[in-house]
Amino acid sequence: MRRNESLVLIGSNVVLVPYKEEHVLKYHEWMQSPFLQEMTASEPLTLEEEYEMQRSWHEDEKKCTFIILATPEDTSSIDVIKEKAVMIGDVNIFLNDPDDDPTFGEIEIMIAEEKYRRGGRGLEALKIMMGYALIELGIRTFHAKISLSNQPSIDLFTKKLGFYPVSESRAFQEVTLEWSLCAPPAQITSDNEDAYGAKATTAQRETIADIQKEVTSLWNNKIQKAQWK
15 MRRNESLVLI GSNVVLVPYK EEHVLKYHEW MQSPFLQEMT ASEPLTLEEE YEMQRSWHED
75 EKKCTFIILA TPEDTSSIDV IKEKAVMIGD VNIFLNDPDD DPTFGEIEIM IAEEKYRRGG
135 RGLEALKIMM GYALIELGIR TFHAKISLSN QPSIDLFTKK LGFYPVSESR AFQEVTLEWS
195 LCAPPAQITS DNEDAYGAKA TTAQRETIAD IQKEVTSLWN NKIQKAQWK
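If you count the sequence shown from 1, you need to add 14 to reach the working numbering.
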């Protein structure tokens with residue numbers, strides 16, 4: 015997505031940077047892992063194909079991608095961040111609603127470096143990405159499709175961010191989770207039972223309202239914005 019091609023978002027423990035050519039080799043190394051292939055439902059690509067994918071994502075206005083870096087102690091400049099930060103994963107939003115609803119985005123995250131998992135960095139990266147999507151992209155509904163065997167990721171989305179399950183595919187062995195600001199239909203019928211927000215309980219909607227306030231406050235008050243050079 016050209017909109018974020020130079021945008022850098024600096025948080026407490028992670029920095030989100032645009033996916034550039036210099037990141038491709040490490041990303042390609044990650045995706046040779048059978049475990050990561052299974053967790054992300056991905057097929058291995060050749061290095062040449064990976065470079066082509068990076069170029070296509072840069073130009074595709076329906077794909078917003080950030081590489082996740084572990085925040086170095088010194089964030090005084092982009093040059094310092096480039097030199098000292100460790101590349102640990104990526105976070106993405108796909109604007110792929112079948113009816114082209116521009117307020118819908120499918121969100122996903124991968125923390126590829128094992129020693130950086132379960133330390134709060136994935137959660138912070140998701141909150142930053144959600145804040146960006148809500149405020150800058152106008153997203154109101156997120157879906158996350160997660161492998162049924164990836165319980166830590168399911169717990170991250172449901173227990174920490176208020177996502178709730180809306181469907182499960184045994185064929186693809188994945189669950190679809192939702193987070194929506196859309197009000198449910200006044201009366202649920204067979205025609206609207208799959209509308210965004212229709213399957214959320216009152217308690218789930220209250221949790222989502224709290225998370226919205228949290229990520230909005232984070233975005234407005236604690237995230238530094240810079241430009242990739």
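Every residue, glycine too, gets a C-beta built ideally from N, C-alpha and C.
- Query: Which residues does DSSP pair with Phe-156 in a beta bridge?
  - Reply: Gly-119 and Trp-193
- Can you check whether the CB of Leu-50 is closer than 9 Å to the CB of Lys-77? no
- Message: Please tell me whether Ser-231 and Glu-138 are closer than 9 Å, where the distance is taken between their beta carbons.
- Response: no
- Could you give the uninterrupted runs of the alpha helix (DSSP H) lying entirely in the stretch 177 to 224, keeping only those of 4 residues or more? none
- Message: Is the separation between the beta-carbon of Gly-176 and that of Ile-225 shorter than 9 Å?
- Response: yes
- Task: Spell out a yes or no on whether the stretch 176 to 186 and the stretch 195 to 204 are touching, meaning 3 or more CB-CB pairs, one atom from each, closer than 8 Å.
- Result: no
- Task: Indicate the three-state DSSP secondary structure (helix, strand or coil) for Ala-240 in the structure shown.
- Result: strand
- Message: Between which residues of its own chain and Asn-206 is the CB-CB distance below 7 Å, once the five residues before and five after are set aside?
- Response: Pro-199 and Ala-212
- Please report the residue range of the beta strand (DSSP E) in which Phe-108 lies. 100 to 108
- Item | Element boundaries [alpha helix (DSSP H), containing Leu-140] | 135 to 146
- Query: How about Thr-85 and Asn-106: do their beta carbons lie closer than 9 Å?
  - Reply: no
- Query: Could you give the distance in angstroms between the alpha-carbon of Lys-243 and the alpha-carbon of Glu-192?
  - Reply: 35 Å
- Query: Taking three-plus beta-carbon pairs below 8 Å as touching, is the stretch 30 to 42 in contact with the stretch 148 to 162?
  - Reply: no
- Can you tell me the Cα-Cα spacing of Gly-119 and Pro-58, whole angstroms? 24 Å
- Pro-32 by DSSP, collapsed to three states: which one? strand
- Item | Simplified DSSP state of Thr-79, which is helix, strand or coil | strand
- What distance in whole Å lies between the Cβ atoms of Tyr-210 and Cys-196, which are believed to be in contact at a cut-off of 8 Å? 4 Å
- Task: Please report the Cβ distance between Leu-23 and Lys-239, rounded to the nearest whole angstrom; I am assuming they are in contact, meaning their Cβ atoms lie under 8 Å.
- Result: 6 Å
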